[in-house]
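All remarks here apply to the structure that follows.
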Amino acid sequence: MTSKGPHRSVRAGVFASVSVGVSAAGHSLASQQSLPPVALLVGLAALFACGWGFAGKERGLGAICGWMVWGQLALHIMFSLAQSASTHVHGAPPSDVGGGQTGVDMMVVHVVAALVSGWWLRRGEAGLFHLLHLLGAALLSVLALFGLLGPVEVHRTPGRVVVPPDPCRPAPSRVLRYALILRGPPLTLAA
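The numbering of the sequence shown is numbering that gives the first Met the number 0, which starts it at 0 and goes up by one.
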């Protein structure tokens, strides 16, 4: 299913909000340092732009988790640089924001957050698309019930379906050559 117009923006907004929210909370807790609001806004804008570019159609779990990992890693680098810059501006000694054991721990937390958020977003997206399909079917049924929808036609492609011979199937015997096989329920006779 493709997404156009406001649906695409909503999906990109949810992707960006979840990514930045989870990343900012985890990053602040792990570094024990607050994030500048400008870093949050820049991260939100950047991930919204990326999310909008990829929100054109429904994505699978692997694609969503992959983009979440890249987004989390980019946010980690950006948040680390923003924290480092803010500590230099305020004159406080910089903490070990990007390197050492804290940096490795943060990277692991960012990757785990990306995978959990990706799974959560995929489940939500699958539920949303399923709900939209159900609402569309219900709306068509109601419109058809009230006669607001014209006659529904089933489009079938003309032509004969050619089935290739199955090598596992035995050749028909001459004894059953004229046997008639009916598949389906029996027909009722009208009185």
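Note that beta-carbon positions come from the ideal geometry of N, C-alpha and C, so glycine has one too.
All figures in this text were calculated on a predicted structure; none of them were measured in a lab.
Practice item. Using beta-carbon positions only, say whether Phe14 and Leu46 come within less than 8 Å of one another. Key: In contact: Phe14 and Leu46 (Cβ atoms closer than 8 Å).
**Study point:** Residues near Gly42 by beta carbon distance below 7 Å, same chain, minus five either side
**Key:** Counting only residues of its own chain and dropping the five nearest sequence neighbours on each side, Gly42 has a CB closer than 7 Å to the CB of Val19, Leu74, Met77.
Point to revise | Span separating the alpha-carbon of Ala136 from that of Ser16 | key: Straight-line Cα distance between these residues: approximately 31 Å.
Point to revise | Alpha carbon of Gly98 to alpha carbon of Trp69, nearest angstrom | key: With a pLDDT of 44 at Gly98, under the threshold of 50, the predicted position of this residue should be treated as unreliable, though the coordinate-derived value follows. Note on geometry: alpha-carbon atoms of Gly98 and Trp69 lie some 19 Å from one another.
Point to revise | Pair within 8 Å by beta-carbon distance, Ala112 and Gln71 | key: It is a contact, given that the beta carbons lie within the stated cut-off.
Point to revise | Beta-carbon proximity of Cys64 to Gly117, cut-off 8 Å | key: In contact: Cys64 and Gly117 (Cβ atoms closer than 8 Å).
Point to revise | Leu139 burial status per 10 Å Cβ neighbour count (16 or more: buried) | key: It counts as exposed.
Practice item. Tell whether a beta-carbon distance below 8 Å holds between Ala109 and Ser33. Key: A small correction: the amino acid at residue 109 is His; Ala does not occupy that position in the sequence shown. With respect to Ser33, His109 sits apart: the two C-beta atoms are not nearer than 8 Å.
Practice item. Counting only runs of 4+ residues fully inside the segment 57-136, write out the alpha helix (DSSP H) ranges in chain order. Key: The qualifying runs are 60-89.
Review point. Between Gly102, Val37, Leu127, Arg58, which lies nearest to Leu28 when the distance is taken from Cα to Cα?
Key: Sorting Gly102, Val37, Leu127, Arg58 by C-alpha distance to the C-alpha of Leu28 places Gly102 at the top.
Check your understanding: How would you label Arg121, buried or exposed, when you count the other beta carbons within 10 angstroms and need 16 or more for buried?
Key -> Under this definition Arg121 is a buried residue.
Practice item. Mark Gly61 as exposed unless 16 or more other C-beta atoms lie within 10 angstroms of its C-beta, in which case mark it buried. Key: Result: exposed.
Exercise for review: Whole angstroms is fine: what's the gap from Arg10's alpha carbon to Arg182's?
Suggested key: Each residue's alpha carbon lies about 47 Å from the other.
Practice item. Helix, strand or coil for Gly12, going by three-state DSSP, please let me know. Key: Here Gly12 carries a helix assignment [DSSP, helix/strand/coil].
Practice item. Leaving aside the five residues before and after Gly25 along the sequence, list all residues of the same chain whose C-beta is less than 6 Å from its C-beta, in chain order. Key: Around Gly25, the same chain offers Val108, Ala112 as residues with beta carbons nearer than 6 Å, after the five sequence neighbours per side are excluded.
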